[in-house]
Ligand code: SF4
């Protein structure tokens, strides 16, 4: 029996499908819960701190204010399952917060937040393109000195090597496409701010890059449709398996894919 199609594509789903079709299926179609990870939760905390920082008036966006934002965001996160699920002891929790603090401090080496003019923070965007629903959340949309749109995405992992750089930029090209369709203007710049290094990777969207992302999205959607029709999502073991939370379901690791089927069918019954 064909598998149901996912309801939408997002940058993370596109990259998940490209990296490992089976992990994509577990996440987007079977909707298996993923156990929280320290790296992902630390990213959530830093994003929340920067979101709070950009809710302040420009002159107030100082490093001490950002660290206050981090403290407040950490207090909010403390009761959340994404944090409690990590089950950190006091020493590990102190390390977790200290690492988040370092990332916030390094952010200030990349740009001066008092000079940024944000017009959207954690902005949820959605369009239909060729029958596919595309969704994304932009960390920050702003205006540059010429009044042009700029898309900014914070990254809390390490900056990619040259080969993976284009793949990462494809994610922000996706956001650029969403902006262009929704606001009728192509962003002048899309930038990835890698806080750990810290380094900024910046690109300028063009007709060519926009057509490229449209073509890629169409190709990924066609491949997803075909895989659903044939119930054929293959594992692609790689270094990424080290961080994959689906090993208990993955045949490449002795897991049982039938458990994923059972989980999805259970969800479908709840929706009837
Ligand atoms: S463990 Fe590896 S091969 Fe299996 S689903 Fe996860 S990423 Fe794919």
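Residue numbers (our numbering): 72 to 343.
In this text, a Cβ means the ideal position worked out from N, Cα and C, and glycines have one as well.
**Per-residue DSSP class, three states only, for residue 259** = Residue 259 falls in the coil class under three-state DSSP.
**Asked** When DSSP labels each residue in this structure, what does residue 242 get in the three-state scheme?
**Response** Residue 242: helix per DSSP, three-state reduction.
**Asked** Thinking C-alpha only, which one of 334, 85 and 79 is nearest residue 240?
**Response** 85
**Request:** Can you grab the Cα-Cα spacing for the pair residue 301 / residue 291, in whole Å?
**Result:** 15 Å
**Reference residue 177, options 316, 270 and 323, closest by Cα** = 270
**Close Cβ partners of residue 322 (< 7 Å) along its chain, the five nearest in sequence each way excluded** = 306 and 328
**Chain-order list of residues whose beta-carbon lies under 7 Å from that of residue 227 (same chain, five-residue window excluded)** = 113, 114, 117, 174, 266 and 267.
**Request:** Within its chain, find whatever has a CB closer than 7 Å to the CB of residue 190; leave out the 5 residues flanking it on each side and keep chain order.
**Result:** 212, 213 and 214
**Item:** Cβ shell of residue 360 (< 7 Å), same chain only, five flanking positions each side left out
**Value:** This structure cannot settle anything about residue 360, because the visible part of the chain is limited to 72 through 343.
**Message:** Going by DSSP, what residue range makes up the beta strand (DSSP E) through residue 274?
**Reply:** 270–274
**Message:** Shorter than 7 Å, the distance from the beta carbon of residue 323 to the closest heavy atom of the ligand NAP, or not?
**Reply:** As far as ligands go, the structure on display features the ligand SF4 and does not contain the ligand NAP.
**Prompt:** When DSSP labels each residue in this structure, what does residue 248 get in the three-state scheme?
**Reply:** helix
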